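> What follows is a structure written as structure tokens; I'll ask about it next.
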Amino acid sequence: MIQETLTPTLSFHAVTVADRDRYLAAAAAEGSPSADHAFANLYLWNETYHQEIAFWGERAIVRFHVKKGYQYLYPIGGGALRPTIEVLLSAEPQLCLTAVTETELEAVLHEFPDTFSFFEERDIADYLYDATSLSTLSGKKLHGKRNHINAFTAANEWSVKPLEAADFDGCRAILDIWGKDRLDDGTQHERVAIERAFAAYEALALHGALLIANGDPVAFTVGSMLSDDTLCVHFEKALPHVQGAYPMINREFVRMMLARFPALATVNREDDMGLETLRAAKLSYRPSMLLRKFTLIRK
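Numbering (this note's numbering), first residue to last: -5 to 293.
Laid out in structure tokens, this is it:
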């Protein structure tokens, strides 16, 4: 039985697969490209961030525990925004909305121009890429990626395939090697999230690819469709000693998804968490834009 916590007007419960259809209806009405609104992310990271969900009219409201209570995501969905924010304001005297996109920020401030202070959080900005660009890596600015791929193809007999349940043990072997010297909490939390992805792969309608070199798995990736034209990449892992494995799995997955979803135009590769090496790697693929994120706090 789902454990529920009550506000005066909202009933929250831990995110489950059973919430997916209703949440996706709200997400479709909103049309946001933000990775924070990917249902898969809410479910996969639930053991780390303990997200809870409630539905108010046509909108989905997500919150998660922090040291001093809760933070909320922007309530996505159709219908008027103002009544939903009013419900949250009545329930939370110190309401905090986080990971709010610029479009969402403008919507909130239009309805409540004097209620919130806000600030930008660069570390959680999403990197958005043109899908065709990632599938071809054409142009001078991406010649380094092509060089890495050329080195990979020259050194290996390789193939790529859609990720299936039979491949999960091969992915785990990659994770064991990749994470051998990574003992931080973040790595352990990501491993838990990946295992949740494997366990609910079909239920969450996840997509993935496995890169094989000389008969052995060397890289894998997992993502989900945010909309008909936007793919969100949740995980991407490769054996660190295999040159070119990362750009290869990146390119091949996008090619695979373009063949499956002809309307695909944008790839969201999520944020960099403020990690300098990850930021440099994401910038090196020349994003078409950074999806800025803000935190709003009730004055």
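Cβ atoms here follow ideal geometry from the backbone N, Cα and C, with glycine treated the same way.
Keep in mind that this is a model prediction, so the values were computed, not measured.
In three-state DSSP terms, what is tryptophan 172?
helix
> Starting from valine 261 and walking both ways along the beta strand (DSSP E), at which residues does that stretch end?
Looking at the DSSP string, the run of the beta strand (DSSP E) that includes valine 261 is 260 to 262.
> Would you call phenylalanine 113 buried or exposed, if buried means 16 or more other Cβ atoms sit within 10 Å of its Cβ?
exposed
> Could you round the C-beta distance between histidine 31 and isoleucine 79 to whole angstroms and report it? I think they count as a contact, below 8 Å.
With 8 Å as the limit, histidine 31 and isoleucine 79 do not qualify as a contact, their Cβ atoms being about 17 Å apart.
> With DSSP run on the structure shown, which of helix, strand or coil describes threonine 92?
strand
> For serine 282, collect the residues of the same chain with a Cβ closer than 7 Å to its Cβ; drop the 5 residues on either side in sequence, then sort them by chain order.
Leu122, Tyr123, Asp124
> Below 8 Å between beta carbons: does that hold for threonine 130 and threonine 289?
no
> Determine, using beta carbons only, whether serine 218 and alanine 34 come nearer to each other than 8 Å.
For the pair serine 218 and alanine 34, the CB atoms are nearer than the 8 Å cut-off.
> So, for glutamine -3: in the same chain, excluding its five sequence neighbours on each side, which residues have a beta-carbon less than 8 Å away from its beta-carbon?
The pLDDT assigned to glutamine -3 is 47, lower than 50, so where the model puts this residue is not dependable; a value taken from the coordinates is nonetheless given after this. For glutamine -3, where only same-chain residues beyond five positions count, the Cβ hits under 8 Å are His7, Ala8.
> With DSSP collapsed to three states, give me the class of serine 26.
coil
> What did DSSP end up calling tyrosine 68 once you bin it into helix, strand or coil?
coil
> Please determine, among Ala197, Glu189, Ala193, Asp163, the residue with the shortest C-alpha to C-alpha distance to leucine 204.
Asp163
> Flag this pair as yes or no: are the beta carbons of serine 5 and alanine 48 separated by less than 8 Å?
yes
> Since threonine 224 sits in a beta bridge, which residues does DSSP pair it with?
Ser221, Thr260
> Please name the residue in Thr97, Ala19, Cys90 whose C-alpha comes closest to that of lysine 61.
Cys90
> What would DSSP say about proline 87, mapped onto helix, strand or coil?
coil
> Is arginine 254 helix, strand or coil when you go by DSSP?
helix
> In the DSSP assignment, the alpha helix (DSSP H) including glycine 202 goes from what residue to what residue?
Element bounds for glycine 202: not the alpha helix (DSSP H) but the beta strand (DSSP E), 201 to 207.
> Would the beta-carbon of alanine 101 fall within 8 Å of that of leucine 75?
yes
> Quick check on this structure: which residue in Leu128, Thr224, Val216 has the alpha carbon closest to the alpha carbon of alanine 232?
Val216
> With lysine 155 as the anchor, note down where its alpha helix (DSSP H) starts and where it stops.
For lysine 155, there is no enclosing alpha helix (DSSP H); the enclosing beta strand (DSSP E) covers residues 152 to 156.
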